Structure formats: structure tokens, C-alpha cells
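Heads up: the sequence shown is residues -31 to -1, 1 to 576, going by mature numbering (1 follows the signal peptide of the UniProt record, and there is no 0).
Cβ atoms here follow ideal geometry from the backbone N, Cα and C, with glycine treated the same way.
As the structure is a prediction and not an experimental result, all values here were calculated from the model.
Working notes, structure below.
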Amino acid sequence: MPRTPKHRRLATVLAVATACAALGFPAVASAAPADQSAGPKTLTIATNGSVDSLSPFLAQRLLPTHIHRLIYDFLTNYDPKDDHAVPALATSWSTSPDKLVWTFTIRDGMKWSDGKPVTAEDIAWTYNLIMTSPDAATGNGNFVVNFKSVAAPDPKTLVITLSKPQATMLALDIPVVPKHVWESHAADIGKFHNDTQFPIVSNGPFILSGYAKGQYIELTANPNYWRGKPKFDKVIYRYYKDSDAMVEALKKGEAHFVSPLTPAQYNALGDRPEITRNKAQGKRFYALAANPGATTKSGQAFGDGSPALRDSQFRRALMYAIDSKTLVAKTLGGYGEPGAGYLPPIWANNHWKPDAAEAYTHNPDKAGEMLDALGYRKGADGMRTTPDGQPLTLRLFGQTQRVDDTQNASYISEWLKGVGVGVTVSMMDQGKLADVETAGNYDLAFDSWSTNPDPDFVLSLQTCAGRPDTPGASFLGDTFVCDATYDELYAQQITEYDQAKRSDLVKRMQQQLYRGAYVNVLYYANVLEAYRSDVIGSMQKQPQPNGMYYPQDGYWAWWSATPATAAPKKSGNTGAIVAGVATAAIIGAAGVLFATRRRRAGADDRE
């Protein structure tokens, strides 16, 4: 972009700011952080995530489900120190001797942002809607499958009756919505995306006060939040095209927090005194998912996945060909550890790892022997053919928004070719890949999920019930897995209240997935974060002391964040604005309606 005279740049800034203000948009951030010692205090988060829906019933991707943690309250919450259940909407609870009836006392004096009281009836209505509407159960249906009834006999009492014991009763990750706002949308809940009128009525520490697709999300501090008003008046999630642009915005002061960083970005920020870094133990696993044959819940086959992947021995052979330790060293720069079980090591009670005899250690010779035994013979060129003489080639898909995918695809395709399996690599937008996977038209695909303190949700993804109702329908599962042993263990763990016994069942489930080689968990990456310490004075990690500031299962960082007391350091660039972003903001404010589609979780996967 050509330089403009100083007075013209200033005129442009003022014109854009005035237009944005008139249309209800937050002004485009300047390159240097403004002195926030007086006036409203704003915390700007850089993001390249996407919003599939702002409805807490439909959202599956990481960014909107994180936003819902900030704007809606839950029955209970997770303590920031160790993630144990703590009161939230409910102040206390009790159970019947058989633990089939749970009675919760609801906090008194809470209000929705429109001034109406928050009562047990709002919670009962939210849960009953999920129980009775398949559309409303899109994101959180697993939490209510054992619910027999939910009632609010009075404003301060919630009674949940179960058909059988359920171990997740203090970890119901369901955002509670205001009945008086949402009941008019009950009939069209599958189409209502909660993005037509702002501010959105809510009761969390923040209120969603503005949104423009692909540009920004604006949150305003809730002055009536029962735990206390946040110290920052606004939190703005501002979109950037990629992680490099996010880091540049952090350096200039346009953004105040960035997560996650690549190892190279994290290392490069180490010598900047105005920036504080955090290396956290992550809650996410990164995996290579195999398509064992796409089927519906009733068993109807569809899609064009490779028939070879329907054989567990073939899938195991591929796992022996892959070297996860090299991926940790090269892709992660050593910031992580090799994977195995479905749940990362941060969950010490539930993390599982195989013993040496069972582990899929990097062993190309063994992979080749297994492929030989299955009838996939090598030709003169070293590449294998199927038993009927066709070239053995697999399609490997990844997402352009996830920087790990491209680098890992290069390594994995070479390792598979090294044992004679041809690979074609395709990188695409997360939305397109979600469509491809939903249709069952893939062989291998990179996959990543964040996990909650309670493992039930992420474990439910791999049950037979996690498959779609009809061919090509939206679903939450990863690989169309249907394993009777796994399902039996899942049914046992959800009813087991003894933590030690439940943990044993959870570990056996992970072992079953591992033995079936449905999902090759490649590694657990550290979460690398950075923030402007001249803007943010302090904030809480979750869990402590080695957790992250940007966890999916909590709101503690932004709620607890305090503005820095010293005046922010100035950056070299004094206020340049990217004209394209400003123009897009003005166009967006003019009333363009952004349609969203429900999709299976994408690059910024649901927790």
C-alpha cells in the first residue's frame, strides 16, 4: 500500500472511526496500545477462529463455545486451580440414596442482562428443550441422555430425576439460556443462530454486544454478574488472516493476547520486555483419523473411503509407519509430547498410555511385514497394490487454518510411501473439509479436539450413537467408529460414581480405541501464549500452576484480568490502519446478514 501524507492518514482514521461509531461497530484498533488509565478499558484478543453458530444449542467450534462460557452461566463451574466442580448457578446440591434424584439450590438475586430474574425455571426449560428437540441436542445432547425429568418446583429449586446413575451431574457443560427470550424460537431452534439482535440477553461475566462475521466479536462487562464485574470494560476478539498476522498485531499493540503460537513465534517473542509468554500443558490432542467405513446409526454405508481402512490390521500397520517423536521435535519444536490415549496428560487421573509391548512405536519393517501378510505386495517401483492389483493410494486431508497440518502431511506421506503406500495430500478450508468428512469422502484426515475436565463428551464422540442419522447428515463423531466393546465400557463409566473405578473404565476405553487404530493420537502440544504486559497486569491460569489463560472450559482469565497500572509502551508504528479491514467493517455494519451453516467441528474444534 502506498504511503499517504500524515494529514490524509489522520483524516482517514477519523472518518473510519466516526463511521464505525455511528453504525455501532468498535473502532479499528490502532497499532500502538492506547493509555487505558482513563476511560473504558479494552482487552483485544487476536483470533483466526470461525463461528459456526452463536446459538449455544448448535455451536460446535471452539471460538463460539468459548464465547458461550463467557456470556452464559452454567449449573456448576470448574475451579481455576484444579478444575474440580464449584458452585455457579447452583449454590449446593444433594442426592437421593440411590443417586437417581438430584436436587440443586439455585443462587438467589441473579439477573439476566435485561433485568429479569434468573430462576430454576430457566435451567429446567433449557434442559427440557435439549431432551425433546434433536436440533437443540446437537452440541450437548450427551449430557441429558439419562434424564428422566427436569422440574423447577420453585424459583430456587431444580430437581433432576435420572433413569440411571450419571457420573457427570456436576459437570453438565450446558449453557443456560433465558426462557423468556428463547421460548419463541423453540420451534425453529435448528435454524436460529442467535445473531440477529445485539446485545444478546445473557447472565455471564460478559454480554455479547456486537458481532460481524470474519471481523470481530465484542463483549461488554456485565455490571450485575454475581461474582463481580470484570475489570476490563470490553473484550474484543479481532479477526486476522493467520497466526503471523496475529503476532504482528501483538507486537504493534493492536492485539493484547494471542494463543496459540507456533514454536518459532513463541521463541521469537522471548526478547520483548513488553510481552509476557506462557507455556501451558495443553488440553488438546492432535490426531490422524482413519475412515473405517462411513455408516449411519442404523448401519447404512455411504461415502467413498478406501476399503483397506476397514481392516484394523491395515490401520495398525499405518500406525507403525508413523514416527510421532519426530513430529514433536520438528513440528512442535519440542513443545509437547508424543500421543497415545485420547485424553492428554493434564488429566492425570484419566490419562492412559500403552505399555512397551502394546505401543505403536516407529517400526517401518513391522509395518511392511503386516502389509505383506494382508496381501498388499510391492511392485518394482516399491509401491504396493491391492490384492486385486490396483494401486494402493490413500487420500490425506488437512485444514489450511491449522498450521500443523501442512508440515505433518509432508512427514506422514513420506513415511507411508516408505512402506509402499501411496498418498495424495489435499489442504482445504475447514468448512470444505467438514463437508468432505461429513459425506464420508476421505481416507485419512488430521483431527484435533480439546477435552474437558470431565471426559464424557469427548468419549461420546466415538460411540455408535455418535454416527449420523442419515448419510451425509451433520454429526459430532470423528471417524464413524462403532465398536461394541467400547460402547459397553462407555455405558459403564457414565453410571459409575466411584472416581477410581470410573477412571479405570475410561482408561480401558482409550485402550480399546488404540487397539482398533481408529484414531492415531500423534501428540499433545503445549499451548504457547503471549500477552501485552503493558496492557494486562495479571490474570488467572486454569488449571494452576501449569495451565493456560485461554481454556475452553472456563472464563477465569478474562474475568480476573486486571489492567496494567503503568502506561503502555509505544510501538514504532503510530496508528496505521488497514483500509481493507476498515472498509469491510463499514460494509458489515450497513446491514449485511451473514448466514451460518451447522457443520461438524472444524479447525477450531469443539471442546
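Contacts around residue i, its chain only, beta-carbon distance under 6 Å, and the 5 residues preceding and following it disregarded
i           : result
residue 529 : 508, 509
residue -6  : Its pLDDT being 44, under 50, residue -6 is placed unreliably by the model, and nothing is read from it.
residue 258 : 414, 416, 447, 448, 488
residue 173 : 39, 40, 41, 42
residue 199 : 174, 190, 528
residue 104 : 158, 159
residue 286 : 336, 339, 340
residue 162 : 22, 23, 24, 565
residue 395 : 366
residue 46  : 55, 57
residue 277 : 283
Selected residue, minimal CA-CA separation from residue i, among the options
i           : options            : result
residue 71  : 35, 58, 116        : 116
residue 228 : 511, 504, 497, 92  : 497
residue 404 : 386, 441, 388, 373 : 441
residue 151 : 131, 26, 247       : 26
residue 10  : 130, 258, 189      : 189
residue 338 : 390, 325, 124      : 390
residue 113 : 53, 141, 430       : 141
residue 452 : 439, 438, 462, 434 : 434
residue 332 : 387, 362, 351      : 387
residue 248 : 513, 523, 215, 74  : 513
residue 423 : 232, 347, 522      : 522
residue 87  : 164, 124, 167, 106 : 124
residue 311 : 193, 421, 79       : 421
residue 350 : 342, 462, 360, 343 : 360
Residues of its chain near residue i, where Cβ-Cβ distance is below 8 Å and the 5 sequence neighbours each way are ignored
i           : result
residue 133 : 69, 115, 464
residue 383 : none
residue 531 : 200, 505, 506, 507, 508
Residues bridged to residue i [DSSP beta-bridge criterion]
i           : result
residue 247 : 498
residue 254 : 418
residue 147 : Residue 147 is not bridged to any residue.
residue 396 : 367
residue 511 : 517
residue 129 : 71, 119
residue 226 : 14, 500
residue 180 : 186
residue 427 : BP columns for residue 427 are empty, so no partner.
residue 156 : Note: residue 156 sits in no beta bridge, so no partner.
residue 270 : 264
residue 360 : 354
residue 347 : 353
residue 413 : 259, 365
residue 175 : 190
Cβ shell of residue i (< 7 Å), same chain only, five flanking positions each side left out
i           : result
residue 128 : 70, 72, 120, 122
residue 553 : With a pLDDT of only 36 at residue 553, under 50, the local geometry of the prediction cannot be trusted, and no value is derived from it.
residue 293 : 307, 308, 491, 492
residue 170 : 81, 82, 83, 147, 150
residue 238 : 244, 246, 499
residue 454 : 481
Within-7 Å CB hit, residue i to chain B
i           : result
residue 115 : The structure shown has no chain B; it contains just one protein chain.
Exercise for review: List in chain order: all unbroken beta strand (DSSP E) runs of 3+ residues lying wholly within the stretch 276 to 315.
Suggested key: 305 to 307
Check your understanding: In chain order, which continuous runs of the alpha helix (DSSP H) of length 4 or greater are located wholly inside the stretch 36 to 106?
Key -> 89 to 101
Review point. Within the chosen definition, does the stretch 247 to 263 reach the stretch 395 to 413 through at least 3 CB pairs nearer than 8 Å?
Key: yes
Check your understanding: If you pair each beta-carbon of the stretch 459 to 474 with each one of the stretch 270 to 280, do three or more pairs fall below 8 Å?
Key -> no
Check your understanding: Does the count of Cβ pairs from the stretch 60 to 69 and the stretch 88 to 104 closer than 8 Å reach three?
Key -> Touching, no.
Point to revise | Three or more C-beta pairs below 8 Å linking the stretch 480 to 488 and the stretch 213 to 220 | key: no
**Study point:** Inter-stretch contact (C-beta, 8 Å, three-pair minimum) for the stretch 290 to 307 and the stretch 471 to 478
**Key:** Contact annotation: the stretch 290 to 307 does not touch the stretch 471 to 478, with fewer than three C-beta pairs closer than 8 Å.
Exercise for review: List in chain order: all unbroken beta strand (DSSP E) runs of 3+ residues lying wholly within the stretch 470 to 496.
Suggested key: Correct list: 488 to 494.
Check your understanding: What residue ranges within the stretch 184 to 221 form continuous alpha helix (DSSP H) runs of no fewer than 4 residues, ordered along the chain?
Key -> Fully enclosed alpha helix (DSSP H) runs of no fewer than 4 residues occupy 212 to 221 of the stretch 184 to 221, in order along the chain.
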